[in-house]
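Asker:
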Amino acid sequence: MAEPLLAARGLRKSFGALAATDGVDLEVFEGETHAIIGPNGAGKTTLISQLSGRLRPDTGRIVFAGEDVTLLAEPARARKGLARSFQVTSIYREFTALDNVALAVQAHAGHSFRFWRDARRERALREPALAVLEEVGLAERADVLAANLAHGEQRQLEIAMALATRPRLLLLDEPVAGMGIEESQRMVKFLGSLKGRKTMILVEHDMDAVFTLADRISVLVYGRIIATGTPEEIRANPEVRAAYLGEDEAC
Amino acid sequence: MRLAPRTLALLALLALLAAVPPLAAAFAQPFYLDLFRRIMIFAIAAISLNLILGYGGMVSFGHAAYLGIGAYAVGALAHHGITNGFVQWGLAIGASALVALAIGAVSIRTSGIYFIMITLAFSQMLYYLGVSIEEYGGDDGMRVKTLSQFPGLVDLADPVAFYYLVFALLVVVLWVTDRVVRSRFGMVIRAAKSNEARTRAIGFSPYPYRLAAFVIAGAICGLAGALLVNHTAYLTPEFMNWTRSGELMFMVILGGTGTTAGPLFGAAALLLLEDLLQGWRVLPPWVRDYWQLYLGVILVLVVLFAKRGLAGLLPGGRDGDG
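Quick mapping for you: the protein sequence lines, in order, are chains A and B. Here the first sequence is numbered in my numbering, starting from 2 and rising by one per residue. Here the second sequence is numbered in my numbering, starting from -3 and rising by one per residue.
1. Does L223 of chain B pass the burial test, meaning 16 or more other C-beta atoms within 10 Å, or should it be called exposed?
2. How would you label E250 of chain A, buried or exposed, when you count the other beta carbons within 10 angstroms and need 16 or more for buried?
3. Consider the Cβ of M201 of chain A: report whether some Cβ of chain B lies at a distance smaller than 8 Å.
4. Exposed or buried, K303 of chain B, counting other C-beta atoms within 10 Å across all chains shown (16 or more means buried)?
5. Taking only beta-carbon atoms, is D315 of chain B less than 8 Å away from chain A?
6. Less than 8 Å between CB atoms is the rule here; does I198 of chain B satisfy it with respect to chain A?
7. Tell me the residue span of the beta strand (DSSP E) that contains F16 of chain A.
8. Kindly identify the DSSP beta-bridge partner or partners of L171 of chain A.
9. Assuming D144 of chain A and V177 of chain A make a contact with CB atoms under 8 Å, what is their CB distance in whole Å?
10. Can you give me the start and stop residues for the alpha helix (DSSP H) that H75 of chain B sits inside?
11. Need the endpoints of the beta strand (DSSP E) that I43 of chain B sits in, please.
12. Between the beta-carbon of L172 of chain A and the beta-carbon of S15 of chain A, is there less than 8 Å?
13. In chain A, which residues lie with their C-beta within 8 Å of the C-beta of A193 of chain B?
14. Is M183 of chain B close to chain A? Criterion is C-beta to C-beta, closer than 8 Å.
15. Is the beta carbon of R196 of chain B sitting closer than 8 Å to the one on E75 of chain A?
16. Of all the alpha helix (DSSP H) runs that stay within the bounds of the segment 28 to 64 of chain A, which reach a length of 4 or more residues?
17. With a threshold of 8 Å between beta-carbons, can A96 of chain B be considered close to chain A, or not?
18. Closer than 6 Å by C-beta to P1 of chain B: which residues in its own chain qualify, once you throw out the five before and the five after it? Chain order, please.
19. Using 8 Å as the cut-off, can you tell me whether the segment 217 to 231 of chain B makes contact with the segment 83 to 102 of chain B, which would need three or more C-beta pairs spanning the two stretches below that distance?
20. Nearest by alpha-carbon distance to L267 of chain B: which of B:L12, B:L4, B:F32 is it?
21. Quick check: the Cα distance between G318 of chain B and A307 of chain B, rounded to an integer number of angstroms?
22. Kindly provide the ranges of any beta strand (DSSP E) runs that are 3 or more residues long and lie completely inside the segment 59 to 144 of chain A, ordered along the chain.
23. So is P311 of chain B in contact with chain A if we call contact Cβ pairs under 8 Å?
24. Taking only beta-carbon atoms, is T166 of chain A less than 8 Å away from chain B?
25. Give, in chain order, every unbroken run of the alpha helix (DSSP H) that is at least 4 residues long and sits entirely within the segment 254 to 280 of chain B.
26. Can you tell me the Cβ-Cβ gap for I48 of chain B and A209 of chain B, rounded? I've got them flagged as a contact below 8 Å.
27. Quick check on DSSP: helix, strand or coil for V364 of chain B?
28. To be precise: take each residue of the segment 219 to 230 of chain A, compare its Cβ to all Cβ atoms of chain B, and keep it if any distance is under 7 Å. Which residues remain?
29. If you reduce the DSSP assignment to three classes, tell me which class G230 of chain A lands in.
30. Can you find a C-beta in chain A that's less than 8 Å from the C-beta of S190 of chain B?
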């Protein structure tokens, strides 16, 4: 089998006495959509944050594209092709949608110690940004202030910013959180269109989304991965049913 | 091309500033030449603070330090007999940039209240350094006998020539900072102010950009310091007292943070108000004698009712900036 694009080995992260990540091993292969599910407080966002570089694990290693990135800071990892979206929408509210995406393009277009030319008139930034907005279906809203976009549109913008960095791996932290049924179906459809073309790690509570999109699923409970497998295997796994799926169906 | 009301107001104010010398001469009121020159010098300092405070989100409470360094560079060189303006102002700008680099390198690792306190602490250190140097008059300061010399170019002893030099520098500083905040560099520091987590996640390390902005702001403020000491012909550590830093912050906030025109509006409004409340004969003595109290009340009202400052009262250009 090929080398995984991303491999985490023995990740541990504690906050005081709480082991939020308690010895996680994870492998994600090129082209794969890998979902991470688990009940609230299982440590999903903590795990994503360690992968993106926002948090540093206490112990363990993270290898991305054959390189140990464990000690690499978040901006440097982003420049290597690790892009993330946030669970709580994180955009530049006082900039337009196009500005938001153009900034993401700019972050990957060399250094920004350029003091003179108007960045908003640089076609090298605006055109790729507009192309990404078109891809996510926000082209018509390009000149709207991000703060004035609808919630679903802001979530799309968040994905657009991640895509604009031409990532090798997308870390999506609950991309359909807080969306209405229609919006979330549209988002799932869009993420489905990326499937195969982009490698994705998807943290999600919405089980429909997970079972539609994922090639493989890892189940995280109390900071440990208790099972990894195809959607069918996970659905059939009694341990998972007991720990998670069962209680989810109940509510 | 249609100009936004805010841009028009800025151009009108600049036209008014350009017209002050002939008007002051016509009405035989040379005092106004002095007042408006002072306003423009503080506007340059406030514009530099706005670059880091308004656009970069770095609330520096020690910006007057660079005013002082610029002033001391000129005053000290003059004291030792070096009066060439290019040397003096070059040192003022260079020394301010270097000190900003050192202060920024430490301060920018902190944020929020710690950043405010650490910049304040650094500037107070410099203030007390100034107070302690007896050679330059200690806390009394000293007179600068010879103004900066630009032989064959401009004579600062000529009030009108000096006025127009300050005016020209103000226009250049306004133009340059306006370009900078719209450039790629400017977009990064504004993005880091708007949402640091997002900025790091898309691949920017904000630190070097913030530090560069801090140095640019320090250098421009150093120039304002060189102008100020020539304006007063007197060198005093009071230039870098913390109350002075507070005044600069107030000009920026009063005028409208993160706008091109704001600091100029703020400097003009604050210094004109000060002057009016103190000197306007129409006002009763109980106002003139306690003018600071009334100034405070007016400032509180402006901040309460015009949250985006004076510039915020007028619609701006594209994307709400400018």
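A virtual CB, placed ideally from N, CA and C, is assigned to each residue, including glycine. Please read these numbers as outputs of a predicted model, since none were measured by experiment.
Answerer: Reading it off the structure:
1. Along the second sequence, read from residue 1 onward, the residue named residue 223 of chain B stands at position 227. Buried, because 16 or more other Cβ atoms sit within 10 Å of the Cβ of L223 of chain B.
2. Reading the first sequence from its first residue, position 249 is the one you call residue 250 of chain A. Note on E250 of chain A: pLDDT 48, under 50, position unreliable in the model; the coordinate value appears next. E250 of chain A comes out exposed.
3. Working through the first sequence from its first residue, we reach residue 201 of chain A at position 200. Residue-level contact by beta carbon fails for M201 of chain A and chain B, as no gap is shorter than 8 Å.
4. Looking up residue 303 of chain B in the second sequence gives position 307. Burial is judged here by how many other beta carbons sit within 10 angstroms of a residue's own beta carbon; K303 of chain B has fewer than 16 and is exposed.
5. In the second sequence, residue 315 of chain B corresponds to position 319, counting from 1. Because the pLDDT at D315 of chain B is just 46, under 50, the model does not fix this residue reliably, and the point stays unresolved.
6. The residue given as residue 198 of chain B occupies position 202 in the second sequence. Yes, because at least one Cβ of chain A sits closer than 8 Å to the Cβ of I198 of chain B.
7. For the purposes of this step, residue 16 of chain A is taken as the residue at position 15 of the first sequence. For F16 of chain A, the uninterrupted beta strand (DSSP E) segment begins and ends at 7 to 16.
8. Within the first sequence, residue 171 of chain A is the residue found at index 170, counting from 1. In DSSP, L171 of chain A forms a bridge with A:A84, A:M201.
9. On the first sequence, position 143 is the one that residue 144 of chain A refers to. On the first sequence, position 176 is the one that residue 177 of chain A refers to. With a Cβ gap of about 26 Å, D144 of chain A and V177 of chain A do not count as contacting.
10. Locating residue 75 of chain B in the second sequence gives position 79, where the first residue counts as 1. Note, H75 of chain B: alpha helix (DSSP H), 60 to 75.
11. Translated into the one-based positions of the second sequence, residue 43 of chain B becomes position 47. I43 of chain B: not part of any beta strand (DSSP E); member of the alpha helix (DSSP H) spanning 26 to 46, first to last residue.
12. Counted from its first residue, the first sequence places residue 172 of chain A at position 171. Counted from its first residue, the first sequence places residue 15 of chain A at position 14. Not a contact, by the Cβ cut-off of 8 Å.
13. The residue labelled residue 193 of chain B in the question sits at position 197 within the second sequence. By Cβ distance, chain A contributes R55, F87, S91.
14. Looking up residue 183 of chain B in the second sequence gives position 187. Interface criterion met: the Cβ of M183 of chain B is under 8 Å from a Cβ in chain A.
15. Looking up residue 196 of chain B in the second sequence gives position 200. Looking up residue 75 of chain A in the first sequence gives position 74. Taking 8 Å as the cut-off, the beta carbon of R196 of chain B is found closer than this to the beta carbon of E75 of chain A.
16. Runs of the alpha helix (DSSP H) spanning 4 or more residues and lying entirely within the segment 28 to 64 of chain A occur at 45 to 53, in chain order.
17. Locating residue 96 of chain B in the second sequence gives position 100, counting from the first residue. Not one chain A Cβ lies under 8 Å of A96 of chain B.
18. Numbered from its first residue, the second sequence carries residue 1 of chain B at position 5. Contacts found: L310, P311.
19. Touching, yes.
20. For the purposes of this step, residue 267 of chain B is taken as the residue at position 271 of the second sequence. For the residues B:L12, B:L4, B:F32, the minimum Cα distance to L267 of chain B belongs to B:F32.
21. Working through the second sequence from its first residue, we reach residue 318 of chain B at position 322. Working through the second sequence from its first residue, we reach residue 307 of chain B at position 311. Any reading at G318 of chain B needs caution, since the residue's pLDDT is 44, under 50, leaving its predicted position unreliable; the model's value is listed next. Answer to the nearest angstrom: the Cα atoms are 10 Å apart.
22. Fully enclosed beta strand (DSSP E) runs of 3 or longer: 60 to 65, 83 to 86.
23. What you label residue 311 of chain B is simply residue 315 of the second sequence in a count that begins at 1. Chain A contact via Cβ: absent.
24. As a working note, residue 166 of chain A is residue 165 in the first sequence. Answer yes: the Cβ-Cβ gap between T166 of chain A and chain B drops below 8 Å somewhere.
25. List check, alpha helix (DSSP H) in window: 258 to 275.
26. Within the second sequence, the letter at position 52 stands for residue 48 of chain B. Within the second sequence, the letter at position 213 stands for residue 209 of chain B. Indeed they touch by this definition, with Cβ atoms about 5 Å apart.
27. Residue 364 of chain B lies beyond the residue range present for chain B, which begins at -3 and ends at 318; the question has no answer from this structure.
28. Interface annotation for the segment 219 to 230 of chain A against chain B: empty, criterion Cβ-Cβ distance under 7 Å.
29. Here residue 230 of chain A is taken as the residue at index 229 of the first sequence, counted from 1. Three-state DSSP puts G230 of chain A in a strand.
30. Residue 190 of chain B sits at position 194 when you count from the first residue of the second sequence. So, interface residue.
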